[in-house]
Structure formats: structure tokens, C-alpha cells
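Under numbering that gives the first Met the number 0, residues 0 to 444 are what the sequence shown spells out, in order. Take a look at the structure set out below.
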Amino acid sequence: MSGKTRFQDLGLPDTILHAIADAGFQYCTPIQAEILPATLRGRDAFGRAQTGTGKTAAFLITVLTRMLANPRMGKTPAGTPRVLIIAPTRELVLQIADEANLLAAYCPFSIVSIFGGMDYEKQRRQLHGKPVDIVVATPGRLLDFKRRKDLDLKQVEILILDEADRMLDMGFIPDVRQIVFSTPQKDKRQTLFFSATLTPEVTRLSASWTRDPLSVEIEPEQVAVDTVDQVVYIITTDKKFALTYNIITQQNLERVLVFCNRRDETRRLAEMLERRQINCAVLSGEVPQNKRIRTLEAFKAGKIRVLVATDVAGRGIHIEGMDYVINFTLPHDPEDYVHRIGRTGRAGAAGTSISFACEDDSFYLPAIEEFIGRPLHCIQPEEKLLEMPPAPRRRRAAPDARPDGEAQGRRRRPRQGERPKRPYRKRSDRSSRPGSARPRKTVSS
């Protein structure tokens with residue numbers, strides 16, 4: 000295909016090309032085509048790009064290729080990674096680690112993910128069980144390991160900071176600064192720095208932590224508009240659920256991510272879908288981390304049909320084969336809109352986003368249109384999509400069964416040679432048996 004860069008043209012090792020082929024990729028995305036030739040030579044880089052552009056694969060291919068070309072010699076102390084990748088959220092850490100394991104399927108590298116909300120000792124055993132090559136971590140838990148001397152960052156060869164703007168927003172930068180200063184100086188390591196937005200703070204950090212970086216910028220509208228078919232329905236609030244239900248059922252959608260702004264909205268919507276026998280789950284900040292991981296894995300595996308989520312799932316979650324995203328409520332920040340719809344149409348694949356503009360949310364449309372650089376197609380839904388079908392009848396629960404198959408409530412007939420059991424009577428019932436009542440004592444006057 001003319002104008003496209005093939006992975007075979009980059010001189011990558013066969014083991015990595017094999018893994019890339021297994022993943023079904025042949026051509027580089029724009030950021031991969033621009034950044035890989037330089038980073039493979041060891042140059043620092045700054046990438047401004049949204050999720051869904053292929054930047055994770057870009058820095059992982061760089062990491063794996065350079066480690067294969069420069070194998071570690073001698074005995075490796077425990078807890079001394081060669082590569083450190085820092086990300087702001089647990090979900091993004093897990094996503095990066097999953098993709099790293101996919102691309103390193105034919106490489107002899109150990110990859111460990113570190114994040115809060117999970118058993119510290121279990122993660123510690125992963126670090127010390129065998130030499131570790133790549134660590135993917137959230138800042139807070141990484142510092143916990145460093146303070147307890149379970150992790151040594153003095154041998155880090157490649158440092159990667161992903162979603163730097165998000166780490167700024169979450170107040171992680173003091174922690175990240177401490178981590179960066181624990182690695183070798185910037186002229187003795189390769190540093191790759193990624194951010195979705197370019198603010199003065201991000202620019203300042205990039206300049207201080209990298210040396211003469213290659214700068215690559217992929218504009219948001221290239222991600223949001225070119226690969227995703229965006230539909231906006233003009234609708235009233237009271238018709239949102241009917242429209243959601245009918246879109247899912249009438250189009251027979253098998254995997255849908257539905258976004259809400261608040262936790263209580265996700266709970267309420269999930270309960271309404273479950274009443275209509277739609278298999279769904281909730282992903283929000285109030286869900287315990289262990290359950291969030293299980294929920295995401297089940298959704299990726301196709302065991303959950305609808306995932307109702309807040310913006311905790313808005314960034315960094317890559318789910319294969321998800322063709323539809325529904326904005327049940329429009330986000331107040333235009334950038335969050337791009338992150339949400341970026342869950343589909345990833346890496347050039349086609350996808351569809353459906354948004355509801357009601358009397359409360361329609362005011363956010365102009366800012367979103369300005370941010371993505373073009374108007375959104377707003378339409379009225381067909382009447383059949385607004386009609387709520389009757390709720391399905393619930394099945395009556397079968398009576399509890401006894402081990403011998405007899406329904407509870409029926410007395411089992413005694414088997415041959417078995418002595419029948421006397422029925423149990425409550426103490427209050429004993430007065431009904433003949434002769435059981437005691438004569439009352441009477442007091443003579």
C-alpha cells in the first residue's frame with residue numbers, strides 16, 4: 000500500500016516481526032512510522048498523541064528491539080529492571096503489560112506490573128522470583144517498593160512516561176520526579192515521553208527529562224473523526240434508556256461500552272439493563288480493584304455484553320473487536336469525548352460512537368465540535384427506537400430440590416426396610432395431641 004510504512008522495512012528482529020504478525024498488524028500507524036526509526040537508534044522522543052494511535056506498540060517495539068540487540072551480561076540482581084514504564088492508572092498499567100507480553104511472546108524477557116490495590120507481597124515475589132527486565136508501574140506503588148529497597152532503578156536503560164498530562168492532573172508529578180531522579184542521568188538512558196495534550200507544564204517536564212528529543216504530534220481529530228463514525232441523537236432524558244436498549248437489542252450488538260459521567264448513573268443504568276435481561280457490569284472508581292480487573296477481563300473475553308463505565312475506563316483501555324461506544328451522558332470536557340470514542344476505531348479500524356444530546360447535555364456539543372475541528376452529525380431517532388417493549392416475564396424459581404430428587408415440601412415415602420420418621424411438631428403444636436394437655440390448676444375461692 001503506497002504511503003504506508005511496513006514493519007518489515009524497519010529492520011526489526013524476526014521474533015518481534017513474528018509477534019506483530021500474530022497480532023494481525025502489517026503497516027505502521029502514523030506515530031509508529033514517524034517515531035520508530037529514531038527511537039530504534041536510541042534517540043529520545045516526545046510524542047503528543049491520544050490513546051488509539053498505536054503509541055504503546057511504538058515504545059514497546061523500541062524497548063524489545065534494543066534489549067535483544069544488547070543482551071544483559073553477567074548475574075542480574077533481583078528487582079533491577081532494564082526498562083521502567085510509568086503510567087497514571089492501574090488499568091493503563093495492566094493494558095501496557097498485556098501488550099508487552101503479546102509483543103514479547105517469542106522473547107526471553109520477564110515483565111512485571113506494579114500498582115496499588117493489590118497484594119504487595121504477591122507483587123514482591125514477582126520481582127524477586129527471577130530477574131526482571133521490564134517493570135510497568137503506577138508512581139505510588141513503585142515508590143513503596145523503592146522505599147523498602149525491593150526495587151533498584153540504578154540500572155534502568157530506557158525510561159518511558161505515558162500519559163504525562165494525566166499524571167499532572169492527578170498530582171503524581173512530585174512522585175514521578177522522585178522516580179526519575181532515582182534512574183541514571185538522562186545522558187545515560189533513553190527517555191520516551193508521551194502526553195495527550197501539550198501544556199506549559201508538560202513541555203517543561205519533557206525538556207528537563209529528555210535530551211534533544213524527536214517531537215512527534217498526532218492531532219486528536221485524526222483519531223476521533225477519521226476512523227470512527229460519530230452519530231448524535233437529539234433526545235429527551237426520559238427516552239435515553241429506551242434508545243439505549245433498542246440500539247443494543249435491535250442491532251444485536253455483542254460488545255458495547257456505555258459511558259456515564261457519575262457513579263450513581265452507572266449503577267442505575269446497569270440495574271435497568273439487568274431487569275431487561277441484558278448481561279452487563281459496572282466499571283467505576285468505587286468498584287474494588289480486584290473486581291475491576293476481573294470485570295475488564297470478562298468483558299474482553301465476551302462474557303459481558305455491556306460494560307457501563309465512568310471515565311475511569313476512558314483512557315488506555317484497549318479491547319479488541321469492540322465496534323460500539325455509547326455516550327449515555329456527554330462529557331463536560333471535550334477531550335474526554337475523544338478519549339471515550341477512542342475505545343473503538345483503534346489503530347485505523349472502523350468503529351461507531353453514539354451520543355445522546357438531551358436538554359441537559361446538548362450545551363456541550365459546540366465545545367466538542369470546536370475541539371475535533373468539524374461539526375457533529377445530529378439526527379432525530381426513529382420512533383421505533385423510542386418505544387419501550389414490554390419487560391420480559393421473569394421465570395418462576397423452581398422449588399428447592401432434595402438430594403433424592405423430591406421437591407421440598409413433599410414427604411418422602413420410606414424405602415423398603417426403612418423405619419418411617421415421626422413428623423416433627425413444634426412445642427406449640429403438642430397441645431393438639433390427645434392427652435398432651437396438662438390439667439389447669441384451679442384456685443378455690
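We put the beta carbon where it would ideally sit given N, CA and C, even for glycine. Please read all numbers here as calculations on a predicted model, not as lab measurements.
Report the CB separation of residue i from residue j in whole angstroms; it is logged as a contact under 8 Å.
{"i": "D164", "j": "V201", "result": "6 Å"}
{"i": "I113", "j": "A136", "result": "4 Å"}
{"i": "T235", "j": "E358", "result": "6 Å"}
{"i": "D151", "j": "P76", "result": "7 Å"}
{"i": "L91", "j": "E162", "result": "7 Å"}
{"i": "C259", "j": "T328", "result": "5 Å"}
{"i": "L158", "j": "R188", "result": "6 Å"}
{"i": "L83", "j": "I15", "result": "Between I15 and L83 the Cβ distance is about 20 Å, and since that is not below 8 Å, they are no contact."}
{"i": "I353", "j": "I325", "result": "5 Å"}
{"i": "Q31", "j": "A56", "result": "7 Å"}
{"i": "V131", "j": "P80", "result": "5 Å"}
{"i": "E285", "j": "R262", "result": "5 Å"}
{"i": "V305", "j": "I277", "result": "6 Å"}
{"i": "Q288", "j": "G116", "result": "3 Å"}
{"i": "L160", "j": "I85", "result": "5 Å"}
In whole angstroms, what is the alpha-carbon distance linking residue i and residue j?
{"i": "T243", "j": "L282", "result": "18 Å"}
{"i": "F171", "j": "T309", "result": "21 Å"}
{"i": "V231", "j": "I303", "result": "25 Å"}
{"i": "I178", "j": "E156", "result": "14 Å"}
{"i": "I133", "j": "L126", "result": "10 Å"}
{"i": "D118", "j": "T294", "result": "18 Å"}
{"i": "L39", "j": "F240", "result": "49 Å"}
{"i": "M321", "j": "T190", "result": "32 Å"}
{"i": "R89", "j": "P365", "result": "33 Å"}
{"i": "A18", "j": "Y105", "result": "7 Å"}
{"i": "N264", "j": "L272", "result": "Contrary to the premise, residue 264 reads as Glu rather than Asn in this sequence. Their Cα atoms are separated by approximately 12 Å."}
{"i": "R5", "j": "A22", "result": "14 Å"}
{"i": "D360", "j": "R42", "result": "45 Å"}
{"i": "A96", "j": "V111", "result": "7 Å"}
{"i": "D186", "j": "T209", "result": "8 Å"}
{"i": "I246", "j": "P330", "result": "20 Å"}
{"i": "P199", "j": "L167", "result": "11 Å"}
{"i": "M387", "j": "D237", "result": "11 Å"}
{"i": "P29", "j": "P389", "result": "49 Å"}
{"i": "K54", "j": "R267", "result": "35 Å"}
{"i": "R342", "j": "R146", "result": "36 Å"}
{"i": "P36", "j": "L59", "result": "13 Å"}
{"i": "Y374", "j": "Q229", "result": "According to the sequence displayed, residue 374 carries Pro and not Tyr. Taking the straight line from one Cα to the other gives about 10 Å."}
{"i": "I292", "j": "Q154", "result": "31 Å"}
{"i": "A20", "j": "E33", "result": "20 Å"}
{"i": "G78", "j": "A300", "result": "32 Å"}
{"i": "K121", "j": "G128", "result": "10 Å"}
{"i": "S181", "j": "M66", "result": "21 Å"}
{"i": "A400", "j": "V307", "result": "For A400, the predicted structure reports a pLDDT of 44, less than 50, and the residue's modelled location is therefore unreliable. The matter cannot be settled from this model."}
{"i": "T351", "j": "L384", "result": "17 Å"}
{"i": "P380", "j": "A356", "result": "11 Å"}
Going by DSSP, name the residue or residues bridged to residue i.
{"i": "A96", "result": "Answer by DSSP bridge pairing: none, since A96 is not bridged."}
{"i": "S354", "result": "V231, N326"}
{"i": "E216", "result": "R47"}
{"i": "F258", "result": "A308, N326"}
{"i": "I85", "result": "A136, L160"}
{"i": "C279", "result": "V305"}
{"i": "R5", "result": "Y26"}
{"i": "I378", "result": "Y232"}
Pick helix, strand or coil for residue i, following the three-state DSSP scheme.
{"i": "S361", "result": "helix"}
{"i": "I110", "result": "strand"}
{"i": "A77", "result": "coil"}
{"i": "L295", "result": "helix"}
{"i": "V131", "result": "coil"}
{"i": "S194", "result": "strand"}
{"i": "Q189", "result": "strand"}
{"i": "I19", "result": "helix"}
{"i": "K239", "result": "helix"}
{"i": "L445", "result": "There is no way to answer for residue 445, as the model of the chain reaches only from 0 to 444."}
{"i": "H338", "result": "helix"}
{"i": "G404", "result": "At G404 the pLDDT is 41, less than 50, meaning the model places this residue with poor confidence; the figure from the coordinates comes in the next sentence. If DSSP states are grouped into helix, strand and coil, G404 belongs with coil."}
{"i": "T182", "result": "coil"}
{"i": "D211", "result": "coil"}
{"i": "D149", "result": "coil"}
{"i": "Y533", "result": "Residue 533 falls outside the range modelled here, since the chain spans only 0 to 444, and no answer is possible."}
{"i": "Q125", "result": "helix"}
Closer than 8 Å, CB to CB, is residue i near chain D or not?
{"i": "D164", "result": "Absent from the structure is chain D; it holds one protein chain and no more."}
Please determine whether the Cβ atom of residue i lies at a distance below 7 Å from any heavy atom of the ligand FAD.
{"i": "Q276", "result": "The ligand FAD is absent from the structure shown, which contains no ligand whatsoever."}
_Three-pair Cβ contact test at 8 Å for the region 330 to 337 versus the region 206 to 214_ = no
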